[in-house]
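> Sending over a structure as structure tokens; questions will come in a sec.
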Amino acid sequence: MDNMDFSDILASSIHDIKNSLGLILSSLDDLIVNPDNHLADPRQASLLQHEVQRANSNLIQLLTLYKLGHEQLTVRVTDNNLDDFLEEVVANSQSVCKALDLELSHHCDPSLDGYFDAELIRGVLDSTIGNARRYARRRIELNASREDGFLVIRVEDDGSGFPAALTGLLDPPPGEPRDELNSGRTQLGLYFATRIAQLHRNGDKTGRIRLRNGHHLEGGCFELWLP
Amino acid sequence: MADDFSTKSYLVIDDFADMRAAIKGILISLGVTRIDQARNGKEAITQMQNKRYDVVLCDYNLGPGKDGQQVLEEARYSSLIGVDSIFIMITAENTREMVMGAVEYAPDSYLAKPFTKDLLRTRLGKLFERKAHLTQVNQALMAKNYSAALQALDILIATKPKNLAELLKLKAEICLTANRLDEATVILEQVLGVREVPWARLGIGRILLLKKQFDKAQDIFAQLIEQDPNLITAYDWLAKAQTAQNRFEEAEETLRTAVALSPRGIKRQQTLGDMASSNGHHEIAETAYDRAVNLAKHSVLNHPSLFAGLAKSKSANNKHAEALKVVGEIARAFPEQREAAFYAASTSALVKSHQGDKAGALAALSEAEQSLAQLSEFSLSSSHAMEMARTYARLGEQEKAAKLLHQAIANNHDEEEILTEIVQLCREASLEYDAETAIREIQRGLVKTNNEGVRLIKQGEFDAAIRLLSEAAEEMPGNRTINLNAAKAIIMKMDKQGATSGEIQTVRRYVDRVQSLAPNDWRLADVIARLRQLATKGRTDG
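Heads up: the protein sequence lines correspond to chains A and B, in order.
Counted from 1, the first sequence has number 193 at position 193 by the working numbering; the numbering is strictly sequential.
One gets the working numbering by counting positions in the second sequence from 1 and adding 227 to each.
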């Protein structure tokens with residue numbers, strides 16, 4: 001009973017905070033887009049937007065992980081066209097990236113299909129893009145392809161790349177968040193991505209994530225391998 | 228593209244004024260001009276009754292009253308929005324699971340809060356495109372013209388579009404509805420050949436169930452649940468397969484698990500209530516009906532039978548006073564429904580008899596009989612007959628129960644679910660009536676009549692065939708198969724010898740009967756199309 005009560009409080013608080021964030025986000029949008037507004041430093045508004053989006057994806061991650069721990073998370077795997085899906089993901093982060101002077105794009109074979117829970121994977125990608133925004137110099141690119149019987153979705157940037165301590169270490173993926181991996185890239189994000197990837201199974205294959213540097217772009221490359 | 232947004236009308240439903248204003252602001256920035264707003268489900272329904280909307284954006288959480296899912300159900304059930312309208316359900320993290328339990332009515336799209344303007348623009352653009360793509364298919368589906376729908380769909384599929392998987396799923400679903408089981412199997416196997424996809428495997432199970440291979444179907448549903456214990460639909464189908472094999476205790480167990488995972492389905496709660504009460508588990512039944520009644524309070528799917536179930540299970544648990552109170556609520560909850568008086572009377576007969584009030588029970592029983600007689604003038608529903616038979620059986624009126632059940636078998640000789648229900652009722656009420664033998668005999672008799680009709684038609688003896696099948700149809704007015712066959716015999720005669728207005732009217736009467744019994748009977752589309760052809764041909768011929 002204690003657990004249930006706490007879960008209710010948690011869920012409804014997060015629901016409320018997320019509603020507020022939604023309102024802040026759309027007001028900020030109006031503020032920036034409206035040419036009648038003269039902001040001394042428009043970049044400040046954009047940074048606000050960026051942080052609000054990050055706070056929002058953190059909340060989603062927290063709640064999802066909480067549910068996962070309490071076996072309340074339902075995974076709904078559906079067939080998704082990757083071109084359509086990535087177009088939406090890019091659209092969702094586009095205005096913030098533009099404001100931060102970053103070019104956000106996607107490319108993949110228009111007929112590429114994949115099976116995954118679109119909402120959960122969207123959560124992973126939103127937060128990964130949120131992180132990439134902090135490190136990219138000018139560009140963030142999303143792409144997808146089929147490799148070795150897996151669907152691989154990549155988020156790449158042209159920044160200085162992941163620290164050596166992170167690349168490779170995630171292969172095999174960690175089961176728990178690690179203290180020693182303290183860096184600018186949040187652990188919560190990587191832990192969340194790992195858990196969500198692992199929820200995707202097909203036959204004896206399980207999803208995973210991988211970090212590397214210098215794939216299409218010269219900076220960090222986050223890879224989501226989905227069976 | 229911009230035109231797509233500005234020419235359409237929008238309805239925004241949310242209980243928070245700020246949220247409505249925010250969504251409206253986003254829509255305006257996308258070039259939308261025609262936007263209405265609703266604060267709750269009731270307002271939304273009124274607005275949809277008065278005006279056709281192209282796009283409905285509805286929050287799942289709407290405070291007290293209807294929730295978003297119930298708004299969607301009512302909009303679709305009462306055709307308040309067209310097939311070309313787009314319904315988007317706006318969800319929050321804490322509603323994800325609730326929303327996913329919904330099986331029968333799904334929105335065109337889900338949108339998680341908060342969303343940006345860019346995401347809404349992209350999503351709407353894709354949905355408009357998709358709807359435009361499917362216009363022909365949807366129109367054919369509205370007219371229940373399945374062949375035309377499949378034809379239109381095949382043309383789309385041949386172009387190998389981005390949403391191929393979605394189209395294949397739709398095609399399989401239409402084939403299942405139209406009872407084209409072999410075609411459905413081909414599509415599903417094709418999908419499964421590429422990857423093990425739950426919806427396709429579920430389809431295979433449903434086909435096996437329709438082909439009466441119950442144990443094989445059961446294995447498939449059980450396997451699906453093993454792979455994904457959260458696949459709620461699989462439980463519903465597993466329970467059906469178990470029920471079909473008279474494994475009533477197992478079916479109840481399955482439904483209990485499903486209800487624990489996804490408690491918000493009214494129909495599932497009622498099915499569990501029915502199953503538990505006929506298994507003699509009245510506590511479980513009471514809980515299930517209680518939930519069903521509460522869930523249905525604001526739902527278009529609310530029905531007097533839910534209250535009847537709750538009252539009966541309360542009475543079985545010796546809570547007679549509470550039971551009568553629930554009976555009393557029926558008239559208040561359904562002031563305009565003819566069935567309400569019938570369910571109230573039959574239930575109160577049962578409760579009063581449990582209480583030992585013999586006179587009261589008899590009075591209620593005769594009231595129920597009168598209501599049923601009145602109801603039968605408008606519709607021949609097998610669920611009414613079953614309710615009455617159940618009441619007779621429990622009041623010890625063996626002969627009356629047997630007579631009704633015999634009639635019900637004759638009207639539903641090929642409806643597996645109803646036949647199972649009859650067998651179950653006889654067992655549970657220890658009736659002397661041997662339902663299983665009766666079913667076999669009636670089925671044999673009907674098969675003989677049908678075969679004889681077919682033989683006569685083949686020999687060109689149309690009048691003899693029509694006489695035979697019409698007589699059977701008058702004897703069993705609630706039997707869809709016989710009514711349809713009588714209609715078909717007359718149509719075949721008209722095909723050969725020309726149409727007469729008298730015969731067309733007779734066919735129409737049979738079709739109307741079947742339509743009132745089961746508007747979704749897959750056999751109707753073909754008969755209606757052929758009738759329409761004859762009627763227009765007759766007119767042009769003079």
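Note that beta-carbon positions come from the ideal geometry of N, C-alpha and C, so glycine has one too.
Owing to the predicted nature of the structure, the values given are computational and were not obtained by experimental measurement.
Hey, is G22(A)'s beta-carbon within less than 7 Å of any beta-carbon in chain B?
With a threshold of 7 Å between beta carbons, G22(A) makes contact with chain B.
> Tell me the DSSP bridge mates of G114(A)?
BP columns for G114(A) point to N80(A).
> Within a Cβ cutoff of 7 Å, which residues of the same chain sit near T484(B), ignoring the five residues on either side of it in sequence?
Excluding the 5 residues flanking it on each side, T484(B) has same chain C-beta neighbours closer than 7 Å at Y462, in chain order.
> Starting from F314(B), trace the beta strand (DSSP E) both ways and give me its first and last residue.
313 to 318
> Determine, using beta carbons only, whether D241(B) and D311(B) come nearer to each other than 7 Å.
no
> Measure the beta-carbon distance from E479(B) to L499(B) and round it to whole angstroms, keeping in mind my assumption that it falls under 8 Å.
7 Å
> Would a check of beta-carbon distances place E51(A) closer than 7 Å to chain B?
no
> Would you say D231(B) faces chain A, with C-beta separation under 7 Å as the test?
no
> In three-state DSSP terms, what is G175(A)?
Confidence at G175(A) is low in this model, with a pLDDT of 46, below 50, so its placement is unreliable and the value that follows should be read with caution. Coil at G175(A), not helix or strand.
> Less than 6 Å between C-beta atoms, sequence neighbours within five positions excluded: which residues of the same chain meet that for L419(B)?
A427
> Output yes or no for whether 7 Å exceeds the beta carbon distance between A595(B) and A572(B).
yes
> If you follow the alpha helix (DSSP H) that N545(B) is in, where does it begin and where does it stop?
No alpha helix (DSSP H) contains N545(B), which DSSP labels as neither H nor E.
> How is the beta strand (DSSP E) around Q264(B) delimited, first residue to last?
261 to 265
> Is the CB-CB distance between A576(B) and L592(B) below 7 Å?
yes
> In chain B, which residues lie with their C-beta within 8 Å of the C-beta of Y115(A)?
From the beta-carbon of Y115(A), the residues of chain B found nearer than 8 Å are R422, V424.
> When you check each C-beta in the region 252 to 268 of chain B against every C-beta of chain A, which residues fall closer than 9 Å?
G252, I253, S256
> What does D157(A) pair with, by DSSP beta-bridge criteria?
Among the bridge pairs identified by DSSP, D157(A) is matched with I140(A).
> Can you tell me which of the three DSSP states F222(A) falls into?
strand
> Bridge partners for D286(B) per DSSP, in chain order?
Listed as beta-bridge partners of D286(B) by DSSP are I317(B).
> With a cut-off of 7 Å, does the C-beta of M1(A) fall near any C-beta of chain B?
The pLDDT assigned to M1(A) is 46, lower than 50, so where the model puts this residue is not dependable; a value taken from the coordinates is nonetheless given after this. No, M1(A) lies away from the interface with chain B (no Cβ there is under 7 Å from its Cβ).
> Restricting to Cα atoms, I'd like to know which of D79(A), D148(A), A118(A), F162(A) is closest to A132(A).
F162(A)
> Given a cut-off of 7 Å, decide if N80(A) and A118(A) are closer than it, judged by their beta-carbon atoms.
A contact, by the Cβ cut-off of 7 Å.
> Assign F672(B) to buried or exposed, taking buried as 16 or more other Cβ atoms, counted over all protein chains shown, within 10 Å of its Cβ.
According to the sequence provided, residue 672(B) is Gly. The question's Phe does not apply to it. Exposed, by the Cβ-count rule.
> Between the Cα of A716(B) and those of E679(B), D748(B), K494(B), spot the shortest distance and give me the residue it belongs to.
E679(B)
> Counting only C-beta atoms, is M228(B) closer than 7 Å to chain A at any point?
In this prediction, M228(B) has a pLDDT of 46, which is less than 50 and means its spatial position is unreliable; what the coordinates show is noted afterwards. Chain A, which has no Cβ nearer than 7 Å to the Cβ of M228(B), makes this no.
> Hey, could you find the ends of the alpha helix (DSSP H) Y516(B) is sitting in?
DSSP places Y516(B) inside the alpha helix (DSSP H), whose first and last residues are 509 to 523.
> Going by alpha carbons, who is nearest to R707(B) out of T727(B), V741(B), V674(B)?
Answer by Cα proximity: V741(B).
> Looking at the structure shown, is S489(B) part of a helix, part of a strand, or coil, going by DSSP?
coil
> Distance check for Y660(B) and S542(B), CA to CA, integer angstroms please.
26 Å
> Less than 7 Å between CB atoms is the rule here; does P341(B) satisfy it with respect to chain A?
Yes, contact with chain A.
> Taking Cβ positions only, does N81(A) come closer than 7 Å to chain B?
Among the CB atoms of chain B, one or more fall inside 7 Å of the CB of N81(A).
> How far does the alpha helix (DSSP H) with N56(A) in it reach, from first residue to last?
Looking at the DSSP string, the run of the alpha helix (DSSP H) that includes N56(A) is 42 to 69.
> Kindly indicate which three-state DSSP category R208(A) falls into: helix, strand or coil?
Looking at R208(A) - three-state DSSP - the assignment turns out to be strand.
> Using a cut-off of 7 Å between C-beta atoms, extract the partners of R247(B) located in chain A.
Taking the beta carbon of R247(B) as reference, no residue of chain A falls within 7 Å; the closest one sits roughly 11 Å away.
> Closer than 7 Å, CB to CB, is L25(A) near chain B or not?
L25(A) counts as touching chain B.
> Should S505(B) and Q625(B) be called a contact, given that it needs their Cβ atoms to be closer than 7 Å?
no
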